[in-house]
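**Q** Dropping the structure in here first, questions after.
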Amino acid sequence: MSQTHFGFSTVDESEKAGKVRSVFDSVASKYDLMNDLMSAGLHRAWKAYTLQVANLKPGERALDIAGGTGDLSRAFARKVGETGVVVHTDINEAMLRQGRDRLLNEGLILPTSLADAEKLPFKSESFDLVSVAFGLRNMTHKDRALAEMCRVLKPGGRLLVLEFSKIAEPLRKPYDWYSFNILPKLGSLFAGDAESYRYLAESIRMHPDQATLKAMMKTAGFGHVDVHNLSAGIVALHAGIKC
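Now the structure itself:
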């Protein structure tokens, strides 16, 4: 049996999806609150920047992978208008339900799909834009997921990967201290779950750095990839074009 990482632990590949699902089942109801607390609200600025780079036009089709509570799906829907389509997906049912209910409460009825990014249930060349925000690092086979994202994009289509990345060296020690000392405490206080937030901190360290992810996207079929470092590299937005 092949092995992979789950945070700093090594597990069988067949076990990882279930372990990740357990994490997000636990945090789903507090996900938005914890995002605000953990990032001091910066996640909103990172997503706003992603929306600008997406540059969606009325009538375009967008796929939001690991869409969670629907922040980007909602923003994309406003850009593509009534003539466009935004499909909101997640592999985790609890997260998807949170997002669907939130969108419905705001009067948005979007196609919603429980979907595995490594085996997307969509036709090839179906979308003008694919996005995945803070979800790629949890996928077992990132190379397969990136290849699937490329497959469902139209020629000239764009992939946006917003993900935690490698912070600038002078900030690494204080960032590590915050991640491994403060985040679990916030998780315990506000979500009743320190371990899930310890895993999230570990998963960030195991995720490919900016250059490695850029190379992976090119291997998956993206002819041009730009890297936008945000907040000193705490987060990076990788923007790829399917040529």
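Here the working numbering is used: the first residue of the sequence shown is 112, the next is one more, and so on. The beta carbon of each residue, even a glycine, is placed where N, CA and C say it ideally should be.
Taking only runs that begin and end inside the segment 213-247, name each unbroken beta strand (DSSP E) of 3 or more residues, in chain order.
**A** The qualifying runs are 223-225 and 238-244.
**Q** Looking at M250 and G118, is the spacing between their C-beta atoms short of 8 Å?
**A** Not in contact: G118 and M250 (Cβ atoms no closer than 8 Å).
**Q** Nearest CA to the CA of K265: which residue from S235, L225 and P281?
**A** Nearest option by C-alpha distance: S235.
**Q** In this structure, does DSSP put I293 in helix, strand or coil?
**A** In this structure, I293 counts as helix in the three-state DSSP scheme.
**Q** Please name the residue in S290, F238 and S150 whose C-alpha comes closest to that of G170.
**A** When only C-alpha atoms are compared, the closest one is F238.
**Q** Are at least three pairs of beta-carbons, each pair with one atom in the segment 217-224 and one in the segment 295-308, less than 8 Å apart?
**A** Result no; under three Cβ-Cβ pairs closer than 8 Å.
**Q** The beta strand (DSSP E) with T115 in it runs from where to where?
**A** Run containing T115: Q114 to F117, per the beta strand (DSSP E) assignment.
**Q** Three or more C-beta pairs under 8 Å: does that hold for the segment 156-170 against the segment 183-192?
**A** Touching, yes.
**Q** Keeping to the same chain, check which residues put their C-beta closer than 8 Å to that of H254; ignore five residues upstream and five downstream.
**A** With the sequence shown as reference, residue 254 is identified as Asp, and His is not the correct amino acid for it. Once the five neighbours on either side are set aside, the close Cβ partners of D254 are M327, T330 and A331.
**Q** Which residues share a DSSP beta bridge with N340?
**A** In the DSSP output, where bridge partners are listed per residue, N340 has A347.
**Q** Tell me the rounded alpha-carbon separation between S120 and A128.
**A** C-alpha separation (whole angstroms): 14 Å.
**Q** Taking C-alpha atoms, which residue in S125, E280, S314 and K130 lies nearest to L247?
**A** Among S125, E280, S314 and K130, the Cα nearest to that of L247 is on S314.
**Q** Could you tell me whether the Cβ atoms of R172 and G195 are closer together than 8 Å?
**A** Yes, the Cβ-Cβ distance between R172 and G195 is below 8 Å.
**Q** Could you give the residue range of the alpha helix (DSSP H) that holds F135?
**A** E124 to V138 is the span of the alpha helix (DSSP H), which, as asked, contains F135.
**Q** Excluding the 5 residues preceding and the 5 following L282 in the sequence, name in chain order all residues of the same chain whose CB lies nearer than 6 Å to its CB.
**A** Closer than 6 Å at the Cβ level, and outside the excluded window around L282, lie A343.
**Q** What's the gap between the Cα of V243 and the Cα of A177?
**A** Rounded to the nearest angstrom, the two C-alpha atoms are 6 Å apart.
**Q** Thinking C-beta only, is A226 closer than 8 Å to D136?
**A** It is not a contact, given that the beta carbons lie outside the stated cut-off.
**Q** Which residues share a DSSP beta bridge with H335?
**A** Paired residue(s): I352.
**Q** What residue range is occupied by the uninterrupted beta strand (DSSP E) comprising F392?
**A** Any answer about residue 392 is impossible in this case: the structure gives the chain only from 112 up to 354.
**Q** How would you label S290, buried or exposed, when you count the other beta carbons within 10 angstroms and need 16 or more for buried?
**A** S290 should be labelled buried.
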